[in-house]
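S.K.: Encoded as structure tokens, here's the structure I'll be asking about.
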Ligand code: FES
Ligand code: FES
């Protein structure tokens, strides 16, 4: 962070609240954020403070109030350098750069002049998730950038005593066009800081955009090729000690007794876990018997109190419960159109299929960790977190310190994937610091990261479809039995409809006159959370597999069948056609190869994928290629969108081929990567991505690449083998990885 | 006192246990944090370093085995951190996403550099950057 930044500076009392009409209108039409005011003020040097009000849907679901305080800043240095600070985080999606790109565009500066930094949170909750970074901040950031540009121009016009209309900004310089006089942004900054931000800044016209839509080099990448990038796990502070945590082997259990401190190890009771504190990470992990092949020699034996209820946390029991709930559970209707029950009775043919999905782990490359320096009056936290605002609240509750005494440094994240929204590891680190009264870094051994994840929920889903004689879908009944993430957190009432559990199952793009989608809450107690693409990760698999099953029953090519059903949906049709073309759908296949196709909308973005496989047998397959077409509205950085699609495809592929976690006696079946296989180099297909660019409001990119991959693969596999994979994963017996 | 040669620099360090894996000596005691912990069981490759030029997973190599040998970590790939052909190619093709696995990936690629296309690398990248890694290795061979 540049030294000239003084972020603790009190907020100026002069606060402009301006309704940005154009921005608000467009924001309203995009999915999610509601109409908000543009709030900004400038302070000395030059720093425009403003409020990014956008809340991710996780934050909305949690009832977090949208921020109205300043939480983002544009700083202009004396050298005209531009620093954008906002309360997000960089977990690999490139959004910190993407957001800075918006500001650079409106300021008309070279990309090399711009830096992007995580801002310490004020009383805000900016939660990175729901593919929301660009979606919710696009117009507010452009508006802020435009305001700064107009203030700089105004300052120049005032200096020269000329009309604003005779001045223009470009490349960090304001020019008085008639006389060719110039002033740099850096020179103008002090005067600009005294001006009131314009109430209705003018955005740069589409025809003049120079940076938006360009594949600019991401700002975070150079330090990621030389070890200089600092993730949470890399934080080192003076006099720091090192902690590792071990949870009770069974969910619901607690520590029954404390071992005595010895051999340089201090133990801390965390209730459902115990922490070892040592002079280095290895010694702490070895003390609890984890972190390596031999666990450093076995580790200590701990005494746990395991409640009888732990025996109920069992995947076999859960499967039986889900089947009972499917047959006779009390459903909550999520969507009802027409009269599907009546239409089903008169359908020319019907088809029913049931699909099941396992719990999945997040398995971020960087394990959970958090570093804390706690004094009697202050608490400083360094964490790879997707929810810095919540970290403040977590620490405040444990320490009793006011929010203003708690500073959160959001480090780079070695993957977040929804897991680093959670607060468990933060709370543990703060508790350890409070107990031992020393600065401490807590690192979870990989075994704990798998064993105490907040997993993608298990699901049982059934679809019944009714076709008329012309193969039109006249009836569609979908019932989804799954634990509710929101209900488990108490964010909605138990048993209430959870829109994240039924997302992508409702609002289908296909022509079907009568349809119902029901949700039945499964009360399984395994902790669950937000996993990349959340409900879309399973519902799209169901929908797009079942459409394929209907096409097969009708004897129609699945691409053609979808085209017919999408005849009145030009956006989907365009994406579907683009993927089919990119994937060579109509071209001849080599012997032993097969293709599958799927399409879905997630987070406002439509993605279609064509998967080509070879060598499919009952126990394996080779993915040859994936062709992906995406419409995510206006694209800020096409290379970042492409990277996110590539990443989403690989993520989806690992999860459907091998991903599964089961529970026995409250204990997860997976403790490390040796039992949780992920796609590696040798498994990689060739991935091609085509972006259908347009000027609609930007939609999400981080997650929408995931959902169509599974069903497109399943549909290819069915064509190759006649086997319809309805119980995930495809190949559970092949889900191990060894070294090298 | 244990003497280690890391990136051409001699470090005399006190390690609490001769079985301590090199990974944690490098990270916690020497203080070079570019080498990452991912699994601790030689599966993910995040901790890859070069020992006398060959790629080794430092999470399961005891520090005593590394004494007297030339250890290269990601910090030692180039002096300025961006000028090795692999680093140039990585930046040019915008390979990293979260970046956490990339130290290990670059060290694995460095073992055979120049040459190869990365198809023998078995490290894990949860973000799924494999296609770009391969392309970057091929590009680096020409830089
Ligand atoms: S940390 Fe060494 S291979 Fe994973
Ligand atoms: S770039 Fe994130 S794990 Fe590889």
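Residue numbers (this note's numbering), protein chains in the order written: chain A, 348 to 1087; chain B, 123 to 265. No residue lacks a Cβ here, since even glycine has one placed at the ideal position from N, Cα and C.
#1: Beta-carbon of residue 630 of chain A versus every beta-carbon of chain B: anything under 8 Å?
#2: Need the endpoints of the beta strand (DSSP E) that residue 866 of chain A sits in, please.
#3: Are at least three pairs of beta-carbons, each pair with one atom in the stretch 244-255 of chain B and one in the stretch 221-231 of chain B, less than 8 Å apart?
#4: Going by DSSP, what residue range makes up the alpha helix (DSSP H) through residue 632 of chain A?
#5: Say whether chain A places a C-beta atom closer than 8 Å to the C-beta of residue 238 of chain B.
#6: Any residues whose CB sits closer than 6 Å to a heavy atom of ligand 2? List them in chain order?
#7: Between residue 485 of chain A and chain B, is the shortest Cβ-Cβ distance under 8 Å, so that the two count as touching?
#8: Of the residues that make up the stretch 740-762 of chain A, which ones have a beta carbon closer than 8 Å to any beta carbon in chain B?
#9: Shorter than 8 Å from the beta carbon of residue 181 of chain B to some beta carbon of chain A?
#10: Please name the residue or residues paired with residue 959 of chain A in a DSSP beta bridge.
#11: Hey, could you find the ends of the beta strand (DSSP E) residue 594 of chain A is sitting in?
#12: Tell me where the beta strand (DSSP E) around residue 812 of chain A begins and ends.
#13: What does a CB cutoff of less than 8 Å around residue 1080 of chain A pick up in its chain, not counting 5 residues either side in sequence?
#14: Looking at residue 984 of chain A: is its Cβ nearer than 8 Å to the Cβ of residue 444 of chain A?
#15: Kindly list, in the order they appear in chain B, the residues whose Cβ is closer than 7 Å to that of residue 986 of chain A.
#16: Is there a C-beta anywhere in chain A that falls below 8 Å from the one on residue 161 of chain B?
#17: What residues sit near ligand 3, counting only those whose C-beta is closer than 6 Å to one of its heavy atoms, in chain order?
#18: Among B/200, B/214, B/225, B/130, whose alpha-carbon lies nearest the alpha-carbon of residue 145 of chain B?
#19: If the cut is a Cβ gap below 8 Å, which residues of chain B does residue 639 of chain A touch?
#20: For residue 784 of chain A, which three-state DSSP category applies?
#21: Write down the C-beta distance between residue 498 of chain A and residue 550 of chain A rounded to the nearest angstrom, noting that I regard them as a contact closer than 8 Å.
#22: Just to confirm my understanding: we take residue 712 of chain A, look at its own chain, exclude 5 residues before and 5 after, and list those with CB closer than 6 Å. What are they?
#23: For a contact defined as C-beta to C-beta under 7 Å, what are the partners of residue 1104 of chain A on chain B?
#24: Take the Cβ of residue 746 of chain A as the centre, count every other Cβ of all protein chains shown within 10 Å, and call the residue buried at 16 or more, exposed below.
#25: I want to know whether the stretch 1000-1019 of chain A touches the stretch 653-660 of chain A - three or more CB-CB distances under 8 Å.
#26: Whose Cβ in chain A lies nearer than 7 Å to the Cβ of residue 220 of chain B?
#27: Are the beta-carbon atoms of residue 780 of chain A and residue 831 of chain A separated by less than 8 Å?
#28: Straight-line CA distance for residue 218 of chain B to residue 947 of chain A?
#29: Hey, how far is the Cα of residue 450 of chain A from the Cα of residue 484 of chain A?
#30: Beta-carbon of residue 859 of chain A versus every beta-carbon of chain B: anything under 8 Å?
#31: For a test of the three-state rule: what should DSSP assign to residue 422 of chain A, helix, strand or coil?
#32: Can you tell me which residues form a DSSP beta bridge with residue 706 of chain A?
#33: Check the Cβ of residue 1051 of chain A against every Cβ in chain B and list those closer than 9 Å, keeping chain order.
#34: From residue 375 of chain A to residue 486 of chain A, what distance separates their C-alpha atoms?
#35: Taking only beta-carbon positions, decide if residue 243 of chain B is within less than 8 Å of chain A.
#36: Which bits of chain B does residue 626 of chain A rub up against, with CB to CB less than 7 Å?
M.R.: Reading it off the structure:
#1: yes
#2: 862-868
#3: yes
#4: 628-635
#5: no
#6: A/439, A/712, A/762, B/218, B/219, B/220, B/221, B/222, B/223, B/224, B/247, B/248, B/249, B/251
#7: no
#8: 759, 760, 761, 762
#9: yes
#10: A/942, A/972
#11: 588-594
#12: 806-814
#13: 966
#14: yes
#15: 216
#16: yes
#17: For ligand 3, the structure offers nothing, since it holds only ligand 1 and ligand 2.
#18: B/225
#19: 143, 162, 163, 181, 182
#20: coil
#21: 15 Å between Cβ atoms; not a contact.
#22: 761, 762
#23: Here chain A has residues from 348 to 1087 only, and residue 1104 of chain A is not among them.
#24: buried
#25: yes
#26: 438, 439, 712, 760, 761, 762
#27: no
#28: 27 Å
#29: 11 Å
#30: no
#31: strand
#32: A/1008
#33: The premise fails here: residue 1051 of chain A is roughly 15 Å from chain B at the closest Cβ pair, so nothing lies under 9 Å.
#34: For residue 375 of chain A, the predicted model reports a pLDDT of 26, less than 50, meaning its position is unreliable; a value from the coordinates is still stated below. Each residue's Cα considered, the two are about 11 Å apart.
#35: yes
#36: 138
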